[in-house]
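Below is one structure; the comments refer to it alone.
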Amino acid sequence: SKALTISDLLAMKNTGEKISCLTAYDASFAVLLDQAGIEVILVGDSLGMVIQGHASTIPVSNEDMTYHTRCVASARKRAFVVADLPFASYATPKSALKNAARLMQTGGAQMVKLEGAKFEVIEFLVAQGIPVCGHLGLLPQSVNRLGGYKVQGREPAHAQKILEDAIAIERAGAGMLILECVPSLLAAEITRNLGIPVIGIGAGPDCDGQVLVLYDMLNISIGNRPRFSKNFMANADNIADAIRRYHQAVKTLAFPAAEHCY
Ligand code: KIV
Ligand code: NA
Numbered sequence: 008s009k010a011l012t013i014s015d016l017l018a019m020k021n022t023g024e025k026i027s028c029l030t031a032y033d034a035s036f037a038v039l040l041d042q043a044g045i046e047v048i049l050v051g052d053s054l055g056m057v058i059q060g061h062a063s064t065i066p067v068s069n070e071d072m073t074y075h076t077r078c079v080a081s082a083r084k085r086a087f088v089v090a091d092l093p094f095a096s097y098a099t100p101k102s103a104l105k106n107a108a109r110l111m112q113t114g115g116a117q118m119v120k121l122e123g124a125k126f127e128v129i130e131f132l133v134a135q136g137i138p139v140c141g142h143l144g145l146l147p148q149s150v151n152r153l154g155g156y157k158v159q160g161r162e163p164a165h166a167q168k169i170l171e172d173a174i175a176i177e178r179a180g181a182g183m184l185i186l187e188c189v190p191s192l193l194a195a196e197i198t199r200n201l202g203i204p205v206i207g208i209g210a211g212p213d214c215d216g217q218v219l220v221l222y223d224m225l226n227i228s229i230g231n232r233p234r235f236s237k238n239f240m241a242n243a244d245n246i247a248d249a250i251r252r253y254h255q256a257v258k259t260l261a262f263p264a265a266e267h268c269y
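According to the UniProt record's numbering, the residues represented by the sequence shown are 8 to 269, in order.
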């Protein structure tokens, strides 16, 4: 079947079909995800933790991201490929353009993702024809400022700020938004208020789609699996079956369950 575009994902939001997304960092997993019908493959800078063994995503370089994006993008046929701009690689519109262009030209990414309320950078990239995915809530690249990996937007004022940032990110031209580790009610309100697809991770059942770190849902990541994730290997015959089960669980709203939400 033909390669998916941002228009296909937007149509899914509008018809209410849940979008399934997983991370991948290499060709073998990209093909497995593609064959399972996963619509979006995120080449996340989580590779700094699950591939490189670092304690955070901060050490990841644009060269690392480009290499892994190339491995994924050249192998998959149908899934839409989003690649993370790593830590400090989009401090200015100019540096963001240089690094995003590399992820697309050399890496083969169809969209780039960046963390936080970087409206000016988003607007600039979009004006150059670069599709951008925003990322709000828990921002792993800011873990040292946030003081750990914890739920964001529990207090009303903070929730309001995240909602306003989400609306401004759409207005700046972003084509998609990731919401990480926020209360389900806030994620539902943001999803209702935005015209672009909203993909959640630890953000409850009412987002337009779900994403997990592949190695977490296969139960092979280093250390503890986050509470919002789920071990899909538990009842699966093999890795391909676990990925199919995840895809099915997202489509039928069986995942996320209450225990995965805030
Ligand atoms: O890097 C990553 O895997 C991500 C997801 C957690 C959304 O950004
Ligand atoms: Na990331």
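Don't be surprised by glycine CBs; every beta carbon is placed ideally from N, CA and C.
Got a sec: does the ligand NA put a non-hydrogen atom nearer than 7 Å to the Cβ of residue i?
i      : result
Ser53  : yes
Met223 : For the record, residue 223 in the displayed sequence is Asp; it is not Met. No.
Asp91  : yes
Pro233 : no
Thr259 : no
Pro263 : no
Thr76  : no
Pro66  : no
Pro147 : yes
At a cut-off of 7 Å, would you count residue i as near the ligand KIV, judging by its Cβ distance to the nearest heavy atom?
i      : result
Val119 : no
His142 : yes
Glu46  : no
Thr30  : yes
Val218 : yes
Ile185 : yes
Leu49  : yes
Report buried or exposed for residue i, applying the criterion of at least 16 other Cβ atoms within 10 angstroms of its Cβ.
i      : result
Ala194 : buried
Glu162 : exposed
Leu219 : buried
Asn106 : buried
Ala90  : buried
Asn245 : exposed
Gly23  : exposed
Glu70  : exposed
Arg234 : exposed
Ile174 : exposed
Lys157 : exposed
Gly136 : exposed
Given a cut-off of 8 Å, decide if residue j and residue i are closer than it, judged by their beta-carbon atoms.
i           : j      : result
residue 282 : Pro212 : Within the shown structure, residues of the chain are numbered from 8 to 269, placing residue 282 beyond reach of any answer.
Ala43       : Ile208 : no
Val38       : Arg83  : yes
Ile169      : Gly155 : no
Gly60       : Ile229 : yes
Cys28       : Gly216 : yes
Ala31       : Val67  : no
Glu127      : Pro100 : yes
Between the options, which lies nearest to residue i when the distance is taken from Cα to Cα?
i           : options                          : result
Asn151      : Ser63, Leu201, Ala116 and Ala103 : Ser63
residue 275 : Val128, Val47, Cys188 and Leu143 : The requested residue 275 does not occur in the structure, where the chain is confined to residues 8 to 269.
Glu177      : Leu143, Ala265 and Asn226        : Leu143
Phe87       : Asp172, Ile174 and Ala10         : Ala10
Ala115      : Phe94, Lys157, Tyr74 and Val139  : In the sequence on display, residue 115 carries Gly and not Ala. Cα-wise, what sits closest to Gly115 is Tyr74.
residue 271 : Ser149, Pro147 and Pro93         : Since the first and last residues shown for the chain are 8 and 269, residue 271 lies out of range.
If we require 4 or more residues per run, which alpha helix (DSSP H) segments fall completely within the region 19–102?
The DSSP assignment places complete alpha helix (DSSP H) segments of no fewer than 4 residues inside the region 19–102 at 34–43, 54–57 and 69–80, in order along the chain.
Restricting to runs no shorter than 4 residues, where is the alpha helix (DSSP H) found entirely within the region 149–214?
Taken in chain order, the complete alpha helix (DSSP H) segments of 4 residues or longer contained in the region 149–214 are 150–153, 163–178 and 191–200.
Which runs of the beta strand (DSSP E), 3 residues or longer, sit entirely within the region 101–149?
Qualifying beta strand (DSSP E) stretches, in chain order: 118–120 and 139–144.
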